[in-house]
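*Asks:* Structure below; questions to follow.
Number of protein chains: 2
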Amino acid sequence: MKQTGDLNLVKKINKTIVLNHIRTDSPISRARIAEVTGLTKATVSSLVNELLESSLVEEIGAGESSGGRKPMMLLFKGTAGYAIGVDLGVHDILAVLTDLNGAIVRELRVQHDNASVDAVIAQLKAVIRELVESAPQSVYSVIGIGLGVPGICDEEGRLLFAPNLGWENVPLQAELEAEFGLPVTIDNEANAGAVGEKQFGAGKDTAHLVYVSIGMGIGAGMIIRGELYRGATGFSGEIGHISIQHDGPQCRCGSLGCWELYASEQALLDQARAELGGDSASAMDLDGLLARAADGEAAVIRLFERLGYYLGVGVVNIINAYNPSYIILGGRLAKGEKWLMKPLLEAVERRSLPHPRAGLRVEFSGLGDRSTVLGAASFAVAKFFASTTVTVEA
Amino acid sequence: MKQTGDLNLVKKINKTIVLNHIRTDSPISRARIAEVTGLTKATVSSLVNELLESSLVEEIGAGESSGGRKPMMLLFKGTAGYAIGVDLGVHDILAVLTDLNGAIVRELRVQHDNASVDAVIAQLKAVIRELVESAPQSVYSVIGIGLGVPGICDEEGRLLFAPNLGWENVPLQAELEAEFGLPVTIDNEANAGAVGEKQFGAGKDTAHLVYVSIGMGIGAGMIIRGELYRGATGFSGEIGHISIQHDGPQCRCGSLGCWELYASEQALLDQARAELGGDSASAMDLDGLLARAADGEAAVIRLFERLGYYLGVGVVNIINAYNPSYIILGGRLAKGEKWLMKPLLEAVERRSLPHPRAGLRVEFSGLGDRSTVLGAASFAVAKFFASTTVTVEA
DNA sequence: AAAGTTTGTAAATTCATTAAACAAACTTAG
DNA sequence: CTAAGTTTGTTTAATGAATTTACAAACTTT
Numbered sequence: 074m075k076q077t078g079d080l081n082l083v084k085k086i087n088k089t090i091v092l093n094h095i096r097t098d099s100p101i102s103r104a105r106i107a108e109v110t111g112l113t114k115a116t117v118s119s120l121v122n123e124l125l126e127s128s129l130v131e132e133i134g135a136g137e138s139s140g141g142r143k144p145m146m147l148l149f150k151g152t153a154g155y156a157i158g159v160d161l162g163v164h165d166i167l168a169v170l171t172d173l174n175g176a177i178v179r180e181l182r183v184q185h186d187n188a189s190v191d192a193v194i195a196q197l198k199a200v201i202r203e204l205v206e207s208a209p210q211s212v213y214s215v216i217g218i219g220l221g222v223p224g225i226c227d228e229e230g231r232l233l234f235a236p237n238l239g240w241e242n243v244p245l246q247a248e249l250e251a252e253f254g255l256p257v258t259i260d261n262e263a264n265a266g267a268v269g270e271k272q273f274g275a276g277k278d279t280a281h282l283v284y285v286s287i288g289m290g291i292g293a294g295m296i297i298r299g300e301l302y303r304g305a306t307g308f309s310g311e312i313g314h315i316s317i318q319h320d321g322p323q324c325r326c327g328s329l330g331c332w333e334l335y336a337s338e339q340a341l342l343d344q345a346r347a348e349l350g351g352d353s354a355s356a357m358d359l360d361g362l363l364a365r366a367a368d369g370e371a372a373v374i375r376l377f378e379r380l381g382y383y384l385g386v387g388v389v390n391i392i393n394a395y396n397p398s399y400i401i402l403g404g405r406l407a408k409g410e411k412w413l414m415k416p417l418l419e420a421v422e423r424r425s426l427p428h429p430r431a432g433l434r435v436e437f438s439g440l441g442d443r444s445t446v447l448g449a450a451s452f453a454v455a456k457f458f459a460s461t462t463v464t465v466e467a
Numbered sequence: 074m075k076q077t078g079d080l081n082l083v084k085k086i087n088k089t090i091v092l093n094h095i096r097t098d099s100p101i102s103r104a105r106i107a108e109v110t111g112l113t114k115a116t117v118s119s120l121v122n123e124l125l126e127s128s129l130v131e132e133i134g135a136g137e138s139s140g141g142r143k144p145m146m147l148l149f150k151g152t153a154g155y156a157i158g159v160d161l162g163v164h165d166i167l168a169v170l171t172d173l174n175g176a177i178v179r180e181l182r183v184q185h186d187n188a189s190v191d192a193v194i195a196q197l198k199a200v201i202r203e204l205v206e207s208a209p210q211s212v213y214s215v216i217g218i219g220l221g222v223p224g225i226c227d228e229e230g231r232l233l234f235a236p237n238l239g240w241e242n243v244p245l246q247a248e249l250e251a252e253f254g255l256p257v258t259i260d261n262e263a264n265a266g267a268v269g270e271k272q273f274g275a276g277k278d279t280a281h282l283v284y285v286s287i288g289m290g291i292g293a294g295m296i297i298r299g300e301l302y303r304g305a306t307g308f309s310g311e312i313g314h315i316s317i318q319h320d321g322p323q324c325r326c327g328s329l330g331c332w333e334l335y336a337s338e339q340a341l342l343d344q345a346r347a348e349l350g351g352d353s354a355s356a357m358d359l360d361g362l363l364a365r366a367a368d369g370e371a372a373v374i375r376l377f378e379r380l381g382y383y384l385g386v387g388v389v390n391i392i393n394a395y396n397p398s399y400i401i402l403g404g405r406l407a408k409g410e411k412w413l414m415k416p417l418l419e420a421v422e423r424r425s426l427p428h429p430r431a432g433l434r435v436e437f438s439g440l441g442d443r444s445t446v447l448g449a450a451s452f453a454v455a456k457f458f459a460s461t462t463v464t465v466e467a
């Protein structure tokens with residue numbers, strides 16, 4: 074149902090606007106906020122005072138005058154609370170404690186051998202517990218936990234299916250909420266990564282971006298009209314299973330010629346085994362191949378370059394169908410950027426339609442492997458603010 | 074910029090809610106509107122009275138009592154104004170006059186031979202003129218014109234590129250606005266078709282649907298969160314140029330193995346020419362082939378069935394990437410539904426991921442070739458209401 | 001030092017919603 | 001057929017957030 078309007082809603086809307094301006098354009102004065110928002114100075118004053126009282130905003134002293142009274146500059150108080158973001162990987166857990174601005178305060182990485190679901194969950198809880206306990210004193214303390222997982226989730230935060238972990242139907246959200254008594258948000262790691270890039274990466278001012286996570290498989294998170302798009306039932310973004318060869322090899326998903334059979338880490342390893350031969354197993358994992366490419370081994374470099382081409386083929390499909398303004402490539406394979414980028418961009422240049430391509434940026438993530446944790450943390454922050462903020466599009 | 078809140082906004086929001094309830098649930102009483110919206114009876118009364126004054130709503134007499142005073146039933150007055158929707162095809166123009174409910178009042182079809190851009194525009198104007206002049210007397214008379222075109226448009230309503238018409242850079246919107254002095258909205262025919270299906274087809278209650286228009290090429294209109302998604306720069310939906318064979322035949326777009334090389338009307342005709350041979354040209358257009366298939370000619374039926382398979386391959390890509398709840402197939406090739414549907418659904422069943430497929434419907438359009446005109450007309454209606462209506466999501 | 005600017009607050013006004021009360025119109029039970 | 005209860009829709013007063021207008025404070029410029 075659509076929400077009805079009343080005075081309370083009006084106040085929420087305007088408070089949100091004021092707060093968001095302080096969050097993005099700080100330091101800023103009351104007068105300047107009034108000017109850019111169209112609200113009157115009196116209204117802004119009143120709302121700012123409430124924000125000051127709730128400790129979400131602070132005054133940091135007078136700013137430069139432009140020929141009159143000096144303005145009192147306002148700052149969003151990121152340290153009024155803290156959020157926890159977790160990236161549950163296939164072999165490791167990366168977790169961060171961030172402030173409300175998304176600035177990382179503390180970071181923990183631990184390996185896990187996925188001996189059992191319970192064992193990993195126990196490790197997960199231990200890591201989160203440590204971050205919760207190390208959070209600085211603050212007004213709101215830890216406001217929530219966000220989690221990115223390598224699989225698909227339903228709306229109740231159950232991890233339905235995570236092929237690379239071998240997990241099915243794990244009620245992670247309920248488990249963690251019971252353990253910590255904090256709001257927990259769970260989503261696919263690609264979705265979290267997309268949000269991370271949108272909030273903290275080069276995609277900051279981008280309403281339509283696609284984050285492609287290239288690991289053992291390929292997944293995507295899509296930001297549409299500034300918001301994460303989850304599909305009708307929450308399962309969008311399985312672009313690894315777009316077929317780029319309709320009569321190609323069988324994929325475990327049941328289809329033929331899926332993109333990730335050509336352009337994922339798994340594909341790279343399979344190709345390396347088939348074509349390089351005779352090498353030790355240890356040199357045949359991703360890091361081994363990256364090292365050999367860095368050593369200048371031509372056959373390995375050719376493997377990466379062909380992978381770059383295949384990545385390009387799939388990226389072209391994204392461009393023509395979605396017309397995003399930014400495509401960000403992340404995940405473990407991003408480490409091969411040096412050899413992947415050129416053939417990828419060549420394929421994009423040659424094969425995508427000119428109109429959707431115009432103005433498009435295609436880049437590897439600048440956040441490295443932190444897109445997902447940061448996105449996950451920002452889920453928690455978003456949930457914290459969601460109860461008190463509303464917006465209306467013009 | 075986000076819109077600020079004031080009392081005026083509150084009123085707009087609530088008026089929109091009340092009007093939309095009357096539009097969708099009529100006949101309905103004031104008391105019932107208050108009950109379902111959560112607004113007080115007093116507020117509803119006041120807003121309804123304004124709607125009555127603006128002639129958008131009418132009272133149609135007392136309804137059934139359930140043990141008290143009889144309710145006065147309200148109806149949306151669809152005949153308070155009229156809209157014009159036009160589908161500019163490659164060989165013909167289909168235009169309708171609808172009331173504000175989208176009910177077709179009059180329909181015109183004319184052929185055009187595309188002798189020149191100006192000649193077609195002249196025909197277009199003549200058709201629209203006739204519909205404008207035949208519109209019944211009403212409070213708001215004709216409120217706008219919507220146009221679906223076989224090509225891509227920019228935000229100023231210029232038809233940038235229409236390969237099958239051979240047009241480039243035609244400022245259609247400006248031309249028509251100057252001619253008729255009415256608001257004109259122009260968009261791709263697939264986008265208009267998607268809106269038509271969403272408003273008037275089987276996709277009524279669907280927030281996420283994809284309309285696939287299969288003609289000489291293949292295009293898509295995507296409804297996301299109940300709204301048409303146009304991409305970052307307005308060029309989304311070119312799914313005909315998703316490659317389903319990365320090393321396949323050259324497409325005129327520059328890529329290889331594009332879906333529409335396998336699954337469009339053009340593809341069918343090409344395949345028929347290559348494989349059937351020795352037939353008269355007249356039996357080689359779509360209608361000819363449909364007739365031959367209807368006659369039971371096995372070779373032709375096999376052609377349609379193979380096309381159905383290829384359609385299925387592309388539909389699977391849509392399912393895995395978007396996770397829509399409804400995929401509607403329209404366009405000229407929809408006439409071949411009888412032979413296309415089975416292999417298409419088989420491919421979907423076998424190749425798409427179970428989670429995104431769950432609950433999905435894949436159907437040929439029930440609106441026939443009217444999806445686009447109806448959607449175009451509803452652009453005009455939407456624009457008419459846009460100035461006075463606002464909504465906020467819960 | 002005087003004049004002009006800019007910032008931020010204060011007081012009075014506006015206006016759409018809500019809450020409460022009520023009149024009108026109707027059904028039903030005895 | 002009357003009295004009681006229900007439902008509809010309007011009226012009235014209260015609420016509260018934004019706006020308008022005015023103004024004091026603080027600063028720069030001439």
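Residue numbers (my numbering), protein chains in the order written: chain E, 74 to 467; chain U, 74 to 467.
Every residue gets a Cβ at the ideal spot worked out from N, C-alpha and C, and that includes glycine.
Going by beta-carbon coordinates alone, are A267(U) and I296(U) separated by less than 7 Å?
*Replies:* In contact: A267(U) and I296(U) (Cβ atoms closer than 7 Å).
*Asks:* List the residues of chain E that D79(U) touches, going by C-beta distances under 8 Å, in chain order.
*Replies:* Near D79(U) (Cβ distances below 8 Å), the residues of chain E are V83.
*Asks:* Return yes when the Cβ of I133(E) is within less than 7 Å of the Cβ of L120(E), no when it is not.
*Replies:* Taking 7 Å as the Cβ cut-off, L120(E) and I133(E) do not qualify as a contacting pair.
*Asks:* Output the residue ranges of the beta strand (DSSP E) runs that lie fully inside the segment 265-295 of chain E and measure 3 residues or longer, sorted by chain position.
*Replies:* Segments of the beta strand (DSSP E) lying fully in the segment 265-295 of chain E: 282-287.
*Asks:* Which word fits G140(U), buried or exposed, when buried means at least 16 other C-beta atoms lie within 10 angstroms of its C-beta?
*Replies:* Exposed, because fewer than 16 other Cβ atoms sit within 10 Å of the Cβ of G140(U).
*Asks:* Please specify which runs of the beta strand (DSSP E), each continuous and at least 3 residues long, are wholly inside the segment 209-241 of chain E, giving them in chain order.
*Replies:* Here the runs fully enclosed are 215-222 and 232-235.
*Asks:* Pick out whichever of S460(E), L129(E), P397(E) and W412(E) has its Cα sitting closest to the Cα of K271(E).
*Replies:* Answer by Cα proximity: P397(E).
*Asks:* Do you know offhand how far G448(U)'s Cα is from G136(E)'s?
*Replies:* Each residue's Cα considered, the two are about 53 Å apart.
*Asks:* Count the CB pairs spanning the segment 179-194 of chain E and the segment 152-167 of chain E that are closer than 8 Å, and state whether there are at least three.
*Replies:* Contact between the segment 179-194 of chain E and the segment 152-167 of chain E is present, because at least three Cβ pairs lie under 8 Å.
*Asks:* Excluding the five sequence neighbours on either side, which residues of its own chain have a C-beta within less than 6 Å of the C-beta of K88(U), listed in chain order?
*Replies:* L120.
*Asks:* Taking CB distances under 7 Å as the criterion, tell me whether H164(E) reaches chain U.
*Replies:* By this cut-off, H164(E) is not an interface position.
*Asks:* Across the segment 427-435 of chain U and the segment 385-400 of chain U, are there enough close Cβ pairs to call them in contact, namely three or more that are closer than 8 Å?
*Replies:* The segment 427-435 of chain U is in contact with the segment 385-400 of chain U.
*Asks:* If you draw a straight line from the C-alpha of C326(E) to the C-alpha of A336(U), how long is it?
*Replies:* C326(E) and A336(U): Cα-Cα distance of roughly 23 Å.
*Asks:* Among A453(E), A195(E), M414(E) and G224(E), whose alpha-carbon lies nearest the alpha-carbon of P256(E)?
*Replies:* P256(E) has its Cα closest to that of A453(E), out of A453(E), A195(E), M414(E) and G224(E).
*Asks:* Rounded to whole angstroms, what's the CA-CA distance from A367(E) to F377(E)? Just pull it up for me.
*Replies:* The straight-line gap from Cα to Cα measures roughly 11 Å.
*Asks:* Listed in chain order, which residues of the segment 106-117 of chain E have Cβ atoms closer than 7 Å to some Cβ of chain U?
*Replies:* If the cut-off is 7 Å between Cβ atoms, the segment 106-117 of chain E has T110, G111 and L112 near chain U.
*Asks:* What is the C-beta distance between A305(U) and H281(E), in whole angstroms, given that I count them as a contact (C-beta under 8 Å)?
*Replies:* Yes, A305(U) and H281(E) are in contact; Cβ-Cβ is about 4 Å, under 8 Å.
*Asks:* Nearest chain E C-beta to V268(U) closer than 7 Å, yes or no?
*Replies:* Answer no: the Cβ-Cβ gap between V268(U) and chain E never drops below 7 Å.
*Asks:* So which residues on chain U does K75(E) lean against when the C-beta distance must stay under 9 Å?
*Replies:* Near K75(E) (Cβ distances below 9 Å), the residues of chain U are I86, T89, I90, N93, T110, T464, V465, E466 and A467.
*Asks:* Output needed in chain order: residues of the segment 378-409 of chain U with a Cβ under 7 Å from some Cβ in chain E.
*Replies:* From the segment 378-409 of chain U, only V386, V389, N390, N393, A394, Y395, N396, P397 and S398 have a Cβ closer than 7 Å to chain E.
*Asks:* Would the segment 356-375 of chain E and the segment 235-255 of chain E be scored as touching if the rule is three or more Cβ pairs under 8 Å?
*Replies:* Touching, no.
*Asks:* Would you mind stating whether K456(U) and T258(U) have Cβ atoms separated by less than 7 Å?
*Replies:* Against a cut-off of 7 Å, the Cβ pair of T258(U) and K456(U) comes out as a contact.
*Asks:* Report back the beta-carbon spacing between L92(E) and L129(E) to the nearest angstrom; my notes put them in contact at under 8 Å.
*Replies:* Their Cβ separation, rounded to whole angstroms, is 7 Å, which keeps L92(E) and L129(E) in contact under 8 Å.
*Asks:* Using 7 Å as the limit for Cβ to Cβ distance, is A340(E) near chain U?
*Replies:* So, not an interface residue.
*Asks:* Taking the alpha carbon of P144(U) as the reference point, which residue from D260(U), T462(U), S102(U) and G162(U) has its own alpha carbon closest?
*Replies:* Answer by Cα proximity: S102(U).
*Asks:* DSSP on T462(E), reduced to helix/strand/coil?
*Replies:* T462(E): coil per DSSP, three-state reduction.
*Asks:* Would you say G327(E) lies against chain U (beta-carbon separation less than 7 Å)?
*Replies:* By this cut-off, G327(E) is an interface position.
*Asks:* With distances taken from CA atoms, which of D320(U), A340(U) and G441(U) is nearest G385(E)?
*Replies:* For the residues D320(U), A340(U) and G441(U), the minimum Cα distance to G385(E) belongs to D320(U).
*Asks:* Excluding the 5 residues flanking A265(U) on each side, which residues of the same chain have their C-beta closer than 6 Å to its C-beta?
*Replies:* Counting only Cβ-Cβ distances below 6 Å, and skipping sequence neighbours, we find G221, T445, G448 and A449.
*Asks:* Output the distance between the C-alpha atoms of T464(U) and Q76(U), rounded to the nearest integer angstrom.
*Replies:* If I take the Cα positions, the gap works out to 12 Å.
*Asks:* Just reading off the beta strand (DSSP E) that D160(U) is part of, what are its end residues?
*Replies:* Taken as a continuous stretch (DSSP letters only), the beta strand (DSSP E) holding D160(U) covers Y155 to L161.
*Asks:* With a cut-off of 7 Å, does the C-beta of F149(E) fall near any C-beta of chain U?
*Replies:* So, not an interface residue.
*Asks:* Comparing C-alpha positions only, which one of A153(U), K415(U) and F273(U) sits nearest to A208(U)?
*Replies:* Selected option, being the one with the closest Cα: A153(U).
*Asks:* Considering only the alpha carbon of each residue, which of S309(U), G299(U), V212(U) and A195(U) lies closest to D227(U)?
*Replies:* With distances taken between Cα atoms, D227(U) lies closest to S309(U).
*Asks:* Below 8 Å on the Cβ atoms is my contact criterion, and I expect V388(E) with L417(E) to pass it. Report the Cβ-Cβ distance as a whole number of Å.
*Replies:* The Cβ separation is near 7 Å, so the contact holds.
*Asks:* For D260(U), write down the residues that DSSP places opposite it in a beta bridge.
*Replies:* According to DSSP, D260(U) bridges with G221(U).
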